[in-house]
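One structure is given below, encoded as structure tokens.
Residue numbers (my numbering): 495 to 602.
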């Protein structure tokens, strides 16, 4: 989900800066698509993949669960299933570790 939000924000900004980019990247039919459907098409385009790959480089892979979840989401859109699973698992494990620590602090 996080990658869709990042992609949507970036895409809206790009279209404001250069309105003709939409038709060049997605074609006239692609621009008629709405919401998530257009983002899926965008994520499979060259420019979408380029943005996602660059965005992934900006995120600390040793960061917390939010960073790991975002990386998992980005790699999922890039079609890199193993990387996506690795980071999504890391996000869940980190959340569980934090939950256990929080629950322990409530008891003691």
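Glycine included, each C-beta is placed from N, C-alpha and C at the ideal position.
Exercise for the section: Take residue 539 as the anchor and find which of 559, 556, 565 and 573 has the nearest alpha-carbon. Expected result: Here residue 539 is taken as the residue at index 45 of the chain shown, counted from 1. Among 559, 556, 565 and 573, the Cα nearest to that of residue 539 belongs to 573.
Practice task
Quick one: residues in its chain with C-beta nearer than 7 angstroms to the C-beta of residue 566, no 5 flanking neighbours on either side, listed in chain order?
Solution key: Here residue 566 refers to the residue found at position 72 of the chain shown. Cβ within range, chain order: 578, 581, 582 and 585.
Exercise for the section: In angstroms with no decimal places, state the Cα-to-Cα distance between residue 589 and residue 558. Expected result: The residue you call residue 589 lines up with position 95 of the chain shown. The residue you call residue 558 lines up with position 64 of the chain shown. If you take the alpha carbons of residue 589 and residue 558, they lie about 9 angstroms apart.
Exercise for the section: Output the distance between the C-alpha atoms of residue 498 and residue 505, rounded to the nearest integer angstrom. Expected result: The residue given as residue 498 occupies position 4 in the chain shown. The residue given as residue 505 occupies position 11 in the chain shown. If you draw a straight line from the Cα of residue 498 to the Cα of residue 505, it comes to about 10 angstroms.
Problem - At least 3 beta-carbon pairs within less than 8 angstroms: the segment 515-525 vs the segment 547-561 - result: Too few Cβ pairs lie closer than 8 angstroms, so no.
Practice task
Can you say whether residue 514 is buried or exposed, counting buried as having 16 or more other CB atoms within 10 angstroms of its CB?
Solution key: The residue you call residue 514 lines up with position 20 of the chain shown. Result: exposed.
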